[in-house]
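Since the structure comes first, as structure tokens, the remarks are kept for the end.
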Amino acid sequence: MQQQGRGTNWVMVLLIWAAGLGAAAQYGKIAVTFDRLPQLYPNVGAAIGWAVSSVGVLGIVFGVVAGLFVSAFGYRRTLVCALLLGSLMSVLQAVHLPFGLFLLTRMVEGISHLGVVVAAPTLMAILAHGPARGLALTIWSTFFGVAFAILSWAGLPLVDAYGVLALFGVHAAIMAVLAVILHLALRDVPVPARTRYPDLSALPALHLNIYRSPYKTAPAAGWLFYTCCFVAVLTVLPPFIDESIRLHVMGAMPLVSIAVSMTIGALLLRQIPGVAVVQLGFLIGAAAMLWLWAMPGHWLACMALAAGFGLVQGASFAAVPQLNDIAAAQSEANGAMAQAGNLGNAIGTPLFVAVIAFGGYGALMLTVALLLFCGAVVHQSLASQRRRWAADSF
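Note that the sequence shown covers residues 26 to 419 in the working numbering.
In structure tokens form, the structure reads like this:
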């Protein structure tokens with residue numbers, strides 16, 4: 026498929042977005058079936074929480090530099106190979122490996138996940154031009170929420186009928202089909218020339234340069250608290266919601282998050298900075314958790330929580346170019362977001378499983394509320410640092 030003039034190839038944009046759905050399902054396929062996993066792996070106790078978060082382990086280590094490796098390997102090749110690797114890991118998971126090997130496949134799956142989430146938005150930005158680029162990346166930011174909604178509404182009935190392993194098998198097939206389609210479709214898409222692989226000895230200095238800057242660090246700092254809560258809450262909250270409405274509430278939450286991000290969030294971003302919208306989202310989320318503490322499982326409080334998540338989600342991506350006007354700095358800030366996101370996803374579920382075991386439902390609600398409140402506070406602290414940096418530059 027060739028680009029026509031400077032128009033936007035929306036078919037290709039949506040195909041790449043579909044690859045993002047497959048990557049999000051690498052978390053979601055475990056999160057939505059979390060209460061069924063003890064049937065597959067009894068007697069592993071709280072270690073079952075690592076079934077969700079182990080995907081993020083390699084992203085924690087390589088998140089910042091993933092963009093450099095992807096640029097050297099090639100964006101098209103990375104996306105296709107990442108999808109194929111993800112498909113292979115899902116095939117292995119579908120044969121019901123022992124728990125230790127299952128966790129190993131989840132860690133390898135993290136390479137696949139990182140490859141997709143780094144290569145896909147870059148390719149989408151190449152395919153979209155002018156104002157369409159912002160819309161394309163807003164669509165990209167919905168990939169986690171849409172994937173969780175699809176898994177809740179279509180994946181769980183499949184699991185009810187055929188079991189958890191069937192969901193793994195279907196995920197493997199979808200990833201393989203997407204890999205073949207994108208291999209063929211991306212051949213005529215112009216991409217940046219491949220670069221040299223980064224010098225591994227320079228990586229510590231690169232990390233230090235990024236994390237010393239309150240401009241590059243701010244989006245990642247908020248993203249850490251968001252990702253720590255988002256997947257983990259969707260994983261551990263369902264048992265505390267009345268069974269008669271559970272499926273509808275859990276399927277609606279990601280969609281409410283997306284709707285708020287693309288409507289209220291987009292309107293707010295025209296008036297106030299992205300960081301301020303992120304802070305508002307965190308505070309709404311913290312208030313919703315206190316509401317859920319007072320009224321356990323209330324569906325409206327769940328929707329309020331989803332709305333808060335939606336504001337954080339879209340505005341965090343918008344904050345990157347607002348705080349960093351140079352392309353290289355934006356790339357570094359996005360790499361920091363990838364690293365922080367994987368760290369948050371890795372921490373969240375095991376932490377919340379342990380909190381529930383120690384203090385029950387109330388402790389869970391208060392812990393999440395505290396984390397969301399801390400997300401707003403950290404942004405405020407980094408804003409103060411930026412003001413000091415600006416003052417010192419004169």
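C-beta: ideal position from N, C-alpha, C; glycine also. Bear in mind the structure is a predicted one, so any value in this text is a computation, not a measurement.
Could you check if residue i is buried or exposed, using at least 16 other CB atoms within 10 Å of its CB as the buried criterion?
i	result
Ile270	exposed
Tyr187	exposed
Gln29	No answer about Gln29 holds up, because its pLDDT of 42 lies below 50 and its placement is not dependable.
Ile351	exposed
Arg219	exposed
Gln27	With a pLDDT of 42 at Gln27, under the threshold of 50, the predicted position of this residue should be treated as unreliable, though the coordinate-derived value follows. Result: exposed.
Gly306	buried
Trp423	Beyond the ends of the chain as shown, which are 26 and 419, falls residue 423; an answer cannot be given.
Phe383	exposed
Asn367	buried
His273	exposed
Thr260	buried
Check residue i in the structure and name its three-state DSSP category.
i	result
Gln29	Confidence in Gln29 is poor, its pLDDT being 42 and thus under 50, which makes the residue's placement unreliable; the coordinate value appears in the next sentence. It is coil, neither helix nor strand.
Met362	helix
His273	helix
Gly45	helix
Met37	helix
Val216	coil
Gln296	coil
Ile175	helix
Thr260	helix
Thr103	helix
Arg13	Nothing can be reported for residue 13: it is not among the residues displayed for the chain, which extend from 26 to 419.
Leu231	helix
Gly400	helix
Gly322	coil
Ile351	coil
Thr392	helix
Thr374	helix
Pro146	helix
Asp224	coil
Asp60	helix
Asn68	coil
Leu122	coil
Shortest alpha-carbon distance to residue i belongs to which of the options?
i	options	result
Ala144	Ala191, Arg212, Gly45, Asn234	Gly45
Ala197	Thr242, Ala358, Leu113, Ala49	Leu113
Leu348	Thr147, Val258, Ala245, Leu117	Ala245
Met320	Gln405, Arg413, Phe265, Ile151	Phe265
Ala331	Pro298, Met275, Val302, Gln355	Met275
Ala88	Leu181, Gly135, Ser238	Here residue 88 is Gly; the residue named in the question, Ala, does not match the sequence. For Gly88, the nearest C-alpha among the options comes from Gly135.
Tyr222	Tyr386, Ala382, Ser96	Ser96
Ala340	Pro239, Asn34, Val380, Val285	Val285
Phe334	Ala153, Trp165, Ile85, Ala311	Ala311
Val69	Leu389, Pro346, Pro375	Pro375
Gly373	Glu268, Pro182, Trp75	Trp75
Val380	Leu294, Ala343, Val258	Val258
Gln355	Ile297, Ser238, Gly290	Ser238
Leu39	Ile206, Ala388, Arg412, Pro217	Ile206
Ala361	Leu407, Tyr236, Leu292, Val300	Tyr236
(Q) Taking contact to mean 3 or more Cβ pairs, one atom from each stretch, closer than 8 Å, check whether the region 398-415 and the region 324-336 are in contact. (A) no
Q. Is the region 120-131 close to the region 157-177, with three or more CB pairs under 8 Å?
A. no
(Q) Can you confirm whether the region 52-61 touches the region 176-183 when touching is taken to mean that 3 or more C-beta pairs between the two stretches lie within less than 8 Å? (A) yes
Q) Is there contact between the region 125-134 and the region 31-39, where contact requires at least three CB pairs shorter than 8 Å? A) no
Q. Should the region 202-217 be regarded as contacting the region 89-108, the criterion being three or more beta carbon pairs within less than 8 Å?
A. yes
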